[in-house]
Structure formats: C-alpha cells, structure tokens
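Structure first, then comments.
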Amino acid sequence: MNTPAITAIASYVPRTVAVHRECGIEPTLGAPIRSGWHAWVASWQADYAPHPAKKAASTRSAAISAARDEFRFVPVERDTDLSGLAAKVAQTICAARPTNAAPIDIAMLCHSSLNEHVSTTTAGRLRAVIGAPCFPFAVSQQQGASTFTALQLAGDLLTAEPEIHTILIVAAEKWCPPFSRWTDQGIVQGDAAGAILVERSRPASCGLVVIDARASRLHRFAPPAPHSSLDIRTDWVPALQSTIDAVLLRHALQPNDLGTVVGAGIDPQLDEAICRHLSRRVVEFSDRRRAHLGAAEPIVQLANVLESRDLPARDRILTWGIGLGGFVGCALFESHGRPFLYLNPP
Numbered sequence: 003m004n005t006p007a008i009t010a011i012a013s014y015v016p017r018t019v020a021v022h023r024e025c026g027i028e029p030t031l032g033a034p035i036r037s038g039w040h041a042w043v044a045s046w047q048a049d050y051a052p053h054p055a056k057k058a059a060s061t062r063s064a065a066i067s068a069a070r071d072e073f074r075f076v077p078v079e080r081d082t083d084l085s086g087l088a089a090k091v092a093q094t095i096c097a098a099r100p101t102n103a104a105p106i107d108i109a110m111l112c113h114s115s116l117n118e119h120v121s122t123t124t125a126g127r128l129r130a131v132i133g134a135p136c137f138p139f140a141v142s143q144q145q146g147a148s149t150f151t152a153l154q155l156a157g158d159l160l161t162a163e164p165e166i167h168t169i170l171i172v173a174a175e176k177w178c179p180p181f182s183r184w185t186d187q188g189i190v191q192g193d194a195a196g197a198i199l200v201e202r203s204r205p206a207s208c209g210l211v212v213i214d215a216r217a218s219r220l221h222r223f224a225p226p227a228p229h230s231s232l233d234i235r236t237d238w239v240p241a242l243q244s245t246i247d248a249v250l251l252r253h254a255l256q257p258n259d260l261g262t263v264v265g266a267g268i269d270p271q272l273d274e275a276i277c278r279h280l281s282r283r284v285v286e287f288s289d290r291r292r293a294h295l296g297a298a299e300p301i302v303q304l305a306n307v308l309e310s311r312d313l314p315a316r317d318r319i320l321t322w323g324i325g326l327g328g329f330v331g332c333a334l335f336e337s338h339g340r341p342f343l344y345l346n347p348p
C-alpha cells in the first residue's frame, strides 16, 4: 500500500526562561567562547540587534494588546545547537526501532534558519545518526507550515518511488543572538524539536494514517497591518479556511466528520476563528505555553494530544499551522492505534 502512516513520534521542549521584550533574546550564561561565528554575528548587529531608539519607536507604534507583558517564559535550549536538537529526537526514534526494521530511506529536516549552511550541516549529522542508505534534505523557512509540506512530499514519494518505505521527518528550532525571539505581532519564538516516522501502512499497522496533507503560500485578503496581531487573523484565517475546506472536500468529508481538532498554537484567537468555521472545539492544555515553536510546533502539539488522551479507532484528526513568512498548511489523519510516543527524551 502507498498510504503513509505515522508510526512513531518524538518531541523535545526544553525548560522555560524569562525573556524580556526589550532585550528580545535570553541572557547568556557567562562569557561566550569567541569564534568565527561571533564575528559573523557581529556583522549583523547594525541591522538586527535591538537598538534602544528603534525599539522605543516600535513599542510606541505597536498595537499588539492593551496590556502587554514585559516578559514571557519561553522554552530555551542552553546545552546544544539546532543540529543537536534535531539529532536528539532522530536518535530517540532510531534507537527504539527493532533491529530487523526496514532502514530509513529519507530524512527531511524542517527549520527556519536563514543560513543555508544549517541545512547542509544538520542534514549531514542526521545522515550520520540514521545511517545508510538515508538521503537527507531540508524544508526551510516555512515555520509552522513546514511539517505539512514534508508530509505532502512524503506521500508523493511513497506513491512515486516503490522502493522507498520509511521516511523520518525532523523539525527543530534554535534561536540565537542577535535575532530577537519577539515578532512585531507579539509572538515569542521558542526552541524545540520533534520527529515523526512515516512508513507505508500495512493491514496490521498501528499509528495515524495520513489521509491528506497540504501546504500552500499565503495570498493576502486585506492590506497588511504592520505591528498588529490582527494582521495574523485577517490574513491567515481566510487562507486556512480555504486550505482546510479543500482537504475536506477532496475526501467528501464534513466538519462533523472530524473527531479531534489540534490548533496551530501560535495565536489563540486564530485557533478560535478556525474552530468557529468548523463548529468544532480545539484541544487545549492547561499549561498552554506562551511561545511558538516554529517548525516543531505541529509535532509537539500532536504528541501532546496523543499523550493526554486515547483516541477511538478510526477517529479523524485535523491539525494545521502557519508560517509567518507566508505559508499555511494542514493535515488530516485517521487513528488506527496510538503510534510509539517519546516525550522529552534525555
């Protein structure tokens, strides 16, 4: 069968750190080791470092909320870099697989870094962790929509390439100075990693069958409203609605055919707008984070849902995400038993 199924999920979210809006990034612990990286970062300071005058002007003009928080508790990884986060969740899934399991044919890395060397070095590290005959490549700069692009690619590859049987999708985010974790929309971006193992489904397979996955570029429906959280809802709500409606229509499904709805985790009012459109309620967690995890967010959200509840057989699960660079995505799954689940591996 060509239908992909998610048979294992791993997610890792580090401990939270208070990040002040004025600074934009967490304080460092002690004096950093000087290297070529620091020289490269220094060359970006003029354009990207938080400048008091610029920050004050931005603060005055921003219309994010009536009572803005001065700081938020954000997941921050202190001990490793982006490739280390990606390797952690990949190794967790690989180590738990049976010795006679089919090798992983392809690894996809989802991340938001602007540096093209991140893709090549991290992909190379994943290749070393996974081993032959794995072929790695990256899906970059789509943030919360990148997992859906990867799932769409995985489905296409399993259909077009009969010799491919197993695909590992890894998503990781790690923010470093001088890039601020705060966006103009008031969204704070945290560090995290997640991985999902996608295999050809078999009659006896346990996991989430991927009914469909789709990602697309955003087409603005209204003039942009810079520095406003309303910009997220006015632009992304119609785009997400049309993307979700297209997936449901393709499979002759109605919103009431959905059993579980998992939000994007980037803006509560965005999730509420989509749920009103579907007449469904999104799964919520009492310890809701106040940071977005970028490319890793959809995997972390899905892992939390699976850990917190037992889904009935053939339950349909809808999840979605957005990329602030102009992407939306969603996926529709059907439950055929819970996949292997690994949360916050050591």
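Residues in the sequence shown are numbered consecutively from 3, following our numbering.
Beta carbons are placed, not taken as given, at the ideal position from N, Cα and C, and that holds for glycine.
Judged by beta-carbon spacing, Ala-89 lies within the 8 Å limit of Leu-128, meaning their Cβ atoms are closer than that value.
Three or more beta-carbon pairs drawn from the segment 321–335 and the segment 143–162 are found closer than 8 Å, and the two stretches are therefore classed as touching. For Arg-127, the enclosing alpha helix (DSSP H) starts and ends at 118–132. Cβ neighbours of Pro-6 within its own chain (closer than 8 Å, five residues either side excluded): Leu-153, Ala-156, Gly-157, Leu-160, Ile-169, Val-200, Glu-201, Arg-202, Ser-203, Val-211, Val-212.
Asp-214: member of the beta strand (DSSP E) spanning 209–219, first to last residue.
Between Glu-175 and Gly-323, the C-beta gap is not smaller than 8 Å, which leaves the two residues out of contact. Assignment of beta-bridge partners to Arg-74 by DSSP yields Val-21. In the DSSP annotation of this structure, the continuous segment of the beta strand (DSSP E) that includes Ala-174 starts and ends at 168–175. Ile-108 and Ser-114 have their C-alpha atoms roughly 20 Å apart. In the structure shown, Gln-191 adopts extended strand secondary structure according to DSSP, grouped into three states.
Taking Arg-318 as reference, the option from Asn-102, Asn-258, Gly-325, Phe-73 with the minimal CA-CA separation is Asn-258.
The alpha-carbon separation between Ala-197 and Gly-325 amounts to approximately 18 Å. A check of alpha carbon separations from Val-131 across Val-15, Ala-104, Thr-94, Asn-102 identifies Thr-94 as the nearest.
In terms of Cα proximity to Ile-246, the closest of Asp-237, Glu-274, Ala-195, Ala-215 is Ala-215. Per DSSP, Ala-293 lies in no alpha helix (DSSP H) segment and is marked neither H nor E.
For Arg-318, DSSP records a beta bridge to Glu-336. If the five residues before and after Gly-267 are omitted, its C-beta is found closer than 6 Å to the C-beta atoms of Glu-299, Gln-303, all from its own chain and listed in chain order. Counting along the chain, no beta strand (DSSP E) covers Phe-150; the unbroken alpha helix (DSSP H) around it starts and ends at 148–162. Rounded to the nearest angstrom, the Cβ distance from Leu-84 to Thr-122 is 12 Å, too far for a contact under 8 Å. Take Val-249, set aside five residues on each side of it, and the residues of its chain with a beta-carbon closer than 7 Å to its own are Asp-214, Arg-216, Cys-332, Leu-334, in chain order.
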